[in-house]
């Protein structure tokens, strides 16, 4: 279980740190570069990084499938991979929006991305880990992280929608 959490944190931090560099390089006055402002090379790099995240998460899930309460085998590992990668990216996006809104220095954001960017991935993996006390600890830490983010956002969840629209365009919130 600890190996699963540690590897998940490590892979998540390496990928999200590199994603942070990709999105915060040459921002032209914006806090980050929206998808539409990324060059074709940057978009290709983004696709490669997301693919690498999926493959690495799948490999971790496969090698440590006994550490999760999900069923062993291909379907359980695939579900674990989707939940950890998707939930981790959502958590990282939430943390990024919070740090942008709280006006953290760009260097501080990159340091946080490379060191703590894997935390949301590890928390989701912890929610899926076998011992119940690990599930409870991960749920508690997730609630604390969300609450801290909510406080830093000054209780305004509409800020998250604004950052979604900045990243993906106005169609991002019409669903």
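Numbering (our numbering), first residue to last: 42 to 216.
Glycine included, every Cβ here is placed at the ideal spot set by N, Cα and C.
1) Find the nearest neighbour of residue 135 within the set 46, 57, 62, judged by alpha-carbon distance.
2) Would residue 196 be called buried (16 or more neighbouring beta carbons within 10 Å of its own) or exposed?
3) Among the candidates 174, 156, 139, whose CA atom is the shortest distance from the CA of residue 201?
4) Have a look at residue 59 and residue 155 and give me their C-alpha separation to the nearest angstrom.
5) Rounding to the nearest angstrom, what Cα-Cα distance links residue 61 and residue 115 in this structure?
6) Using DSSP bridges, identify the partner residues of residue 170.
7) The alpha helix (DSSP H) spanning residue 83 covers which residue range?
8) For the alpha helix (DSSP H) that residue 194 lies in, which residues bound it at each end?
9) Classify residue 43 as buried or exposed, calling it buried when 16 or more other Cβ atoms lie within 10 Å of its own Cβ.
10) Return the chain-ordered list of same chain residues with a C-beta closer than 7 Å to the C-beta of residue 126, the five sequence neighbours on each side being excluded.
11) Residue 170 and residue 109 look like a contact to me (Cβ under 8 Å); what is the Cβ gap, rounded to whole Å?
Walking through what the data contain:
1) Within the chain shown, numbered from 1, the residue matching residue 135 stands at position 94. If we check each option's Cα against that of residue 135, 57 comes out closest.
2) Numbered from its first residue, the chain shown carries residue 196 at position 155. Answer is exposed; the Cβ neighbour count stays below 16.
3) If you number the chain shown from 1, residue 201 lands on position 160. For the residues 174, 156, 139, the minimum Cα distance to residue 201 belongs to 139.
4) If you number the chain shown from 1, residue 59 lands on position 18. If you number the chain shown from 1, residue 155 lands on position 114. If you take the alpha carbons of residue 59 and residue 155, they lie about 8 Å apart.
5) Along the chain shown, read from residue 1 onward, the residue named residue 61 stands at position 20. Along the chain shown, read from residue 1 onward, the residue named residue 115 stands at position 74. Those two C-alpha atoms are separated by around 31 Å.
6) On the chain shown, position 129 is the one that residue 170 refers to. For residue 170, which the question treats as bridged, DSSP gives the partners 109.
7) As a working note, residue 83 is residue 42 in the chain shown. That run of the alpha helix (DSSP H) goes 81 to 104.
8) Here residue 194 is taken as the residue at index 153 of the chain shown, counted from 1. For residue 194, there is no enclosing alpha helix (DSSP H), as DSSP gives it neither H nor E.
9) Sequence index remark: in the chain shown, residue 43 carries index 2 (1-based). When all chains shown are included, residue 43 counts as exposed.
10) Taking the first residue of the chain shown as 1, we reach residue 126 at position 85. 94, 95, 98, listed in sequence order.
11) What you label residue 170 is simply residue 129 of the chain shown in a count that begins at 1. What you label residue 109 is simply residue 68 of the chain shown in a count that begins at 1. Right, the Cβ-Cβ distance comes to about 6 Å (below 8 Å), so this counts as a contact.
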